[in-house]
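J.: Going down the list, the sequences are from chains A and L.
Each residue of the first sequence is one higher than the last, beginning at 339 in the numbering used here.
Each residue of the second sequence is one higher than the last, beginning at 339 in the numbering used here.
The beta-carbon is built from N, C-alpha and C at its ideal position, and this holds for glycine as well.
Have a look at the structure that comes next, please.
There are 2 protein chains.
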Amino acid sequence: MRSYEQYCSLAKALDVVGDRWTLLIVRELLSRGTCRYTDLQRGLPGIATNLLAERLRHLEEHGIVTKSKAPPPVATTVFRLTPRGEELQSVVFALGRWGLPLLPRQPSGEVFQSHWFALPLRRVLGERTIAGPPTTLEVRTGDEPITITSSASGVEVHVGEAHAPDAVLTGTPALVMELLLGVSTLDGVRAQGLVIEGSEDAIVGFLPTSDAASAAPRPLVATDPRR
Amino acid sequence: MRSYEQYCSLAKALDVVGDRWTLLIVRELLSRGTCRYTDLQRGLPGIATNLLAERLRHLEEHGIVTKSKAPPPVATTVFRLTPRGEELQSVVFALGRWGLPLLPRQPSGEVFQSHWFALPLRRVLGERTIAGPPTTLEVRTGDEPITITSSASGVEVHVGEAHAPDAVLTGTPALVMELLLGVSTLDGVRAQGLVIEGSEDAIVGFLPTSDAASAAPRPLVATDPRR
DNA sequence: CGGCATCCTCTTTGATACTG
DNA sequence: CAGTATCAAAGAGGATGCCG
Chain A
339 MRSYEQYCSL
349 AKALDVVGDR
359 WTLLIVRELL
369 SRGTCRYTDL
379 QRGLPGIATN
389 LLAERLRHLE
399 EHGIVTKSKA
409 PPPVATTVFR
419 LTPRGEELQS
429 VVFALGRWGL
439 PLLPRQPSGE
449 VFQSHWFALP
459 LRRVLGERTI
469 AGPPTTLEVR
479 TGDEPITITS
489 SASGVEVHVG
499 EAHAPDAVLT
509 GTPALVMELL
519 LGVSTLDGVR
529 AQGLVIEGSE
539 DAIVGFLPTS
549 DAASAAPRPL
559 VATDPRR
Chain L
339 MRSYEQYCSL
349 AKALDVVGDR
359 WTLLIVRELL
369 SRGTCRYTDL
379 QRGLPGIATN
389 LLAERLRHLE
399 EHGIVTKSKA
409 PPPVATTVFR
419 LTPRGEELQS
429 VVFALGRWGL
439 PLLPRQPSGE
449 VFQSHWFALP
459 LRRVLGERTI
469 AGPPTTLEVR
479 TGDEPITITS
489 SASGVEVHVG
499 EAHAPDAVLT
509 GTPALVMELL
519 LGVSTLDGVR
529 AQGLVIEGSE
539 DAIVGFLPTS
549 DAASAAPRPL
559 VATDPRR
């Protein structure tokens, strides 16, 4: 991308990460951690392979991504974010937060991959402390299930099947998020089509306390006037 | 811009504001408030006029910008952000914060316009409460002077000459910012070339208290390894 | 002048094919 | 698996012209 040539940190940031696809590559690496080239390709449907290669080279040159050889058993090249790259989390979250009202209540036409949803889930649940014994939820909302586990060390969110989940949630990502944020009740989201199997108590353990829920600032997935 | 067609709020946000120049247009409107077309053109050196028109139309369609006729004395069309557009402030600040280490210590080759600097100044000073009588500083660091005033109602930052400033600071934006953030002392920035005229006490009134200064998280304008 | 629209050239992107 | 090569289509940049 041609530089804006402005003495302005916003312009400088856009000089580096303002190109098409670039921030989505960062999202992939934030969500998945270490990635192979083909992982990135699958997580970025529609990207041309030459563009992915070119963007990765550019990000590496700017100290945002590192490329390395994985040890012998796998013996492939892997990409990951540098600390400087991880600092882009604030940017990705700010943009993602702003874009929420643009999401329709359910995927329609768009591709949807579960690991995209894992990132905001991790953000929402990551700082929550869950009382009681270790608990596991499985969320089935996209191409792959998501496993949410609580233990003494905190809440973790992973893409993949849970081994012996205490409860399973099946439905749209919007409903799952509304439930976990506390903006809707268990009965509320069930009435809207979320299927809940297993222990309701296990789910309730993950929900915010009522005073924390009231801190939710705006409607999460709003009706966008332009859709 | 072609849509990414992903059910992901980051991708949706980039569908709307990911185009080249778009976030810089938002920066202009955040910094200046109401703008005429030619104000925007001057604040975005290098933009093609058809692109500016196209982006403004796009932003208006998406409810980020409103176009209106100014009342008779001026009788021109003006652009401003909608509330939804103002919410992009978090995005602009996150990107601007991330981009800070990419700024060299002084403009060299890049265009520099004072009102770009007024935005982060406002962010830094806006929440500060200044004790004592109303005070005015003038900062001369770019094409236009910046006036910083403190009064009972808070701190305000405007582009333009101060009427009777208590002190005048002349030098690079980095030095001014380091002083106001408290990461450098008055004597420190003077040693690096910042020229200070008038009442030092007036300036000291704007500086953070020492405990607040220690909260500054990282070097502000770092030496970028790639420059 | 202020606010664009048009035209043309050049660069970037997208789609596909191919390679160590 | 991890890219490079090629080429058509879309977008950006620059100059100019038009209209109130």
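Out of A/Thr479, A/Thr474, A/Ser428 and A/Ala408, which one is the CA nearest neighbour of A/Gly492?
T.: For the residues A/Thr479, A/Thr474, A/Ser428 and A/Ala408, the minimum Cα distance to A/Gly492 belongs to A/Thr474.
J.: Using three-state DSSP, classify A/Ile363 as helix, strand or coil.
T.: Three-state result, A/Ile363: helix.
J.: Here's a check: name, in chain order, each residue in its chain whose Cβ is nearer than 6 Å to the Cβ of A/Arg564, leaving out the five neighbours to either side.
T.: With a pLDDT of only 45 at A/Arg564, under the threshold of 50, the placement of this residue in the model should not be trusted; the figure read from the coordinates follows. Taken in chain order, the list of residues that qualify is empty.
J.: Which residue from L/Gly381, L/Cys373, L/Gly371 and L/Glu399 puts its Cα closest to that of L/Asp481?
T.: Residue L/Gly381 is the option with its Cα nearest to L/Asp481.
J.: So with Cβ pairs under 8 Å, would you call L/Gly464 a contact of chain A?
T.: With 8 Å as the cut-off, L/Gly464 does not count as an interface residue toward chain A.
J.: Looking at C-beta atoms only, is the number of pairs between the region 355 to 365 of chain L and the region 376 to 394 of chain L that lie closer than 8 Å three or more?
T.: Taking 8 Å as the limit for Cβ pairs, the verdict is that the region 376 to 394 of chain L does touch the region 355 to 365 of chain L.
J.: Could you give the first and the last residue of the continuous alpha helix (DSSP H) run that contains L/His453?
T.: Where L/His453 is concerned, the enclosing alpha helix (DSSP H) stretches over Ser452 to Leu463.
J.: Who are the neighbours of A/Tyr375 on chain L, taking C-beta pairs under 7 Å?
T.: Ordered by position in chain L, no residue passes the 7 Å Cβ test against A/Tyr375, which lies about 19 Å from the chain.
J.: With 16 as the cutoff for other CB atoms within 10 Å, does A/Lys350 come out buried or exposed?
T.: Classification of A/Lys350: buried, given that the 10 Å Cβ count is 16 or more.
J.: Chain L beta carbons: is any one of them nearer than 8 Å to that of A/Thr561?
T.: Any reading at A/Thr561 must be qualified, since the residue scores a pLDDT of 48, below 50, and its modelled position is unreliable; no value is offered.
J.: Three or more C-beta pairs closer than 8 Å, one from the region 520 to 540 of chain A and one from the region 406 to 414 of chain A: is that the case here?
T.: Short answer: they don't touch.
J.: Could you list which residues in chain A have their beta carbon closer than 7 Å to that of L/Pro445, in chain order?
T.: The answer, in chain order, is Tyr345.
J.: Could you check how far apart the C-beta atoms of L/Leu348 and A/Arg365 are, in whole angstroms? I think they sit under 8 Å.
T.: That pair is a contact at about 6 Å.
J.: If you count every other CB in all the chains shown that lies within 10 Å of the CB of A/Glu499, and 16 or more means buried, which is it?
T.: Classification of A/Glu499: exposed, given that the 10 Å Cβ count is below 16.
J.: For A/Gly423, would you say it is in contact with chain L, using Cβ-to-Cβ distances shorter than 8 Å as the test?
T.: Not an interface residue.
J.: Are A/Ser522 and A/Thr479 touching if we call contact CB-CB under 8 Å?
T.: Contact: no.
J.: Taking a cut of 8 Å between CB atoms, which residues from the region 381 to 403 of chain L lie near chain A?
T.: Within the region 381 to 403 of chain L, the qualifying residues are Pro383, Gly384, Glu399, His400 and Gly401.
J.: Looking at A/Arg466 and A/Pro546, is the spacing between their C-beta atoms short of 8 Å?
T.: It is a contact, given that the beta carbons lie within the stated cut-off.
J.: Report the residue ranges of all alpha helix (DSSP H) runs contained in full by the region 377 to 431 of chain A; include only those spanning at least 4 residues, in chain order.
T.: List check, alpha helix (DSSP H) in window: 387 to 399 and 421 to 424.
J.: Any idea what DSSP makes of A/Ser347, helix, strand or coil?
T.: A/Ser347 falls in the helix class under three-state DSSP.
J.: Given L/Val416, which residues of its chain have a CB within under 7 Å of its CB, disregarding the five upstream and five downstream residues?
T.: Result list for L/Val416: Thr372, Cys373, Arg374, Ser406 and Ala408, in chain order.
J.: Which of the three DSSP states, helix, strand or coil, is assigned to A/Glu476?
T.: Strand at A/Glu476.
J.: Going along the chain, which residues of its own chain have a beta-carbon closer than 8 Å to the beta-carbon of L/Asp353, five neighbours each way excluded?
T.: Cβ within range, chain order: Met339, Ser341 and Tyr342.
J.: Can you look up A/Arg528 in the DSSP assignment and give me helix, strand or coil?
T.: In the structure shown, A/Arg528 sits in a helix (DSSP, three-state: H, G or I).
J.: Spatial neighbours of A/Val514 within its chain, please: C-beta separation below 6 Å, excluding the five flanking residues on both sides.
T.: Correct list, in chain order: Val477, Thr479 and Leu507.
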